[in-house]
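All remarks here apply to the structure that follows.
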Amino acid sequence: MFFNFLTKFYSLVPSMIYPNKKNPIPEKITIRKPLSQITEQVPIHWLDGNIVKTHVANALSIIFKNEEEYFIKIVRKFIPKLKNAKLKKEIISFIGQEQQHCDFHSDFCNKLTDQGFDFQFLSFNIKNFIYGSMDAFLSDELNLAIASGLEHYNKSTAELSLREKVFSNSDAILKELFEWHLAEELEHSNVVFDLLREIDSNYWLRIEGFFIATLVRNLTLTFTTANLVVQDDLRQFLRIWKEGKDFFFTKDQILYKLFLYIVDYAKPDFHPSQHNMTDIISEIFKNRNFEIFFSKKPANQTEQTVN
Ligand SMILES: [Fe+2]
Ligand SMILES: [Fe+2]
130 MFFNFLTKFY SLVPSMIYPN KKNPIPEKIT IRKPLSQITE QVPIHWLDGN
180 IVKTHVANAL SIIFKNEEEY FIKIVRKFIP KLKNAKLKKE IISFIGQEQQ
230 HCDFHSDFCN KLTDQGFDFQ FLSFNIKNFI YGSMDAFLSD ELNLAIASGL
280 EHYNKSTAEL SLREKVFSNS DAILKELFEW HLAEELEHSN VVFDLLREID
330 SNYWLRIEGF FIATLVRNLT LTFTTANLVV QDDLRQFLRI WKEGKDFFFT
380 KDQILYKLFL YIVDYAKPDF HPSQHNMTDI ISEIFKNRNF EIFFSKKPAN
430 QTEQTVN
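Quick note on the numbering used here: the sequence shown kicks off at 130 and runs consecutively.
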């Protein structure tokens, strides 16, 4: 009875909040390689001159490097079983985009190492102990549900930070590169979710994956951010405390806003396309230069045209 009420209530919410549901996600997923490269001298506090914001973004970069490899590995397993040609094409484009993101975050992590941050042990454990164990010991379907949950975290982080213009006062090249990645997260935000629905549409499997994804994302992000902040300059404890309080709770209220995006996923009739994202995606890609790869053929035979 309560569950029926919840289902009915949630089904009304999208039309109230998102009245324009027409074509909310672009039809075609484009694989882009940014022409901009990370500069030699990345400022230590490149995001808004803010220690906490910078290390949250740095920590996300360390996590993405491992997480996106995990996504590629998981979704690849389902390609031979798929009969839906449109979805198959989207998955190949998804893999292409995530591979580009992995390459960028690997390069950026090398810059962090050059700056003197040591996160190799942590990154090794995230890759092998967390993602490796899930892949080895959980079913393929549950891994797919976890990947779908993590992609919802990525989509929510992307939508929130782009709408809030979190990168507006940061190193110009890193702003461009992070915003490119986040806009592509929005562009392909339906893919893993649709694949999960195609393989197994059970609501509780989706929620089980979401629960594990929540643990994984929050643990890895908290530990990695704390690890970088501790290595930075703990003598500035009061500044770090104030920046954290302002960013997470009082001024920007990022945690509260992110929570509202995240819980959307628990709606029984949730779909990523219920949020209209074409406006932010086109805004980000306007007037920027990329090498474009269209995914008309399998990933290892991509056709390349230069923009
Ligand atoms: Fe990505
Ligand atoms: Fe993604």
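C-beta atoms are modelled at their ideal positions from N, C-alpha and C, and glycine is treated no differently.
| Query | Result |
| --- | --- |
| Can you find the residues in the same chain that come closer than 7 Å, C-beta to C-beta, to residue 188, ignoring five residues on each side of it along the sequence? | 350, 353, 354, 357 |
| Does the distance from the C-beta atom of residue 291 to that of residue 311 stay below 7 Å? | yes |
| Do residue 376 and residue 369 come within 7 Å of each other at the CB atom, strictly closer than that value? | no |
| Measure the Cβ-Cβ separation of residue 320 and residue 276 and say whether it is below 7 Å. | no |
| What's the gap between the Cα of residue 152 and the Cα of residue 297? | Summary for residue 152: the model assigns pLDDT 44, below 50, so the residue's position carries little reliability; its value from the coordinates is reported in the next sentence. Near 27 Å, if we compare the C-alpha coordinates of residue 297 and residue 152. |
| Do residue 230 and residue 196 come within 7 Å of each other at the CB atom, strictly closer than that value? | no |
| Taking only three categories from DSSP, how would you classify residue 162? | strand |
| What number of angstroms, rounded off, separates the C-alpha of residue 303 from the C-alpha of residue 180? | 16 Å |
| If distances are taken between C-alpha atoms only, which option among 224, 394, 279 comes closest to residue 158? | 224 |
| Does DSSP classify residue 419 as helix, strand or coil? | strand |
| Would you kindly check if the distance between the Cβ of residue 419 and the Cβ of residue 163 is under 7 Å? | yes |
| Do you know offhand how far residue 213's Cα is from residue 233's? | 31 Å |
| Do you know offhand how far residue 432's Cα is from residue 313's? | At residue 432, the pLDDT of 36 sits below 50, so the modelled position is not reliable; the number obtained from the coordinates is stated separately. Whole-angstrom Cα-Cα distance: 19 Å. |
| Quick one: which unbroken alpha helix (DSSP H) runs of 4-plus residues sit fully inside the segment 171–253? Chain order, please. | 180–205, 214–243 |
| Using the rule of at least 16 other Cβ atoms within 10 Å of the residue's Cβ for burial, across every protein chain shown, is residue 416 buried or exposed? | exposed |
| Using the rule of at least 16 other Cβ atoms within 10 Å of the residue's Cβ for burial, across every protein chain shown, is residue 206 buried or exposed? | exposed |
| Would you tell me roughly how many angstroms separate the C-alpha atoms of residue 193 and residue 408, rounded to the nearest one? | 25 Å |
| Under 7 Å Cβ to Cβ from residue 175, same chain only, skipping five residues before and after it: list those, please. | 183, 299, 300, 303 |
| Alpha carbon to alpha carbon, what distance is there between residue 343 and residue 255? | 15 Å |
| Three-state secondary structure (DSSP) at residue 277? | helix |
| Going by beta carbon distance, what residues of the same chain come within less than 7 Å of residue 216, once the five residues before and after it are set aside? | 323, 324, 327 |
| Note down, in chain order, each residue of its chain lying with its Cβ closer than 7 Å to the Cβ of residue 102, except the 5 sequence neighbours on either side. | The first residue shown for the chain is 130 and the last is 436, placing residue 102 beyond what the model contains. |
| Quick check: does the Cβ of residue 455 come within less than 6 Å of any heavy atom belonging to ligand 2? | A question about residue 455 goes unanswered here, because the residues of the chain that appear run from 130 up to 436. |
| Do residue 316 and residue 165 have their beta-carbon atoms positioned less than 7 Å apart in this structure? | no |
| Could you tell me whether any non-hydrogen atom of ligand 2 is closer than 6 Å to the CB of residue 196? | no |
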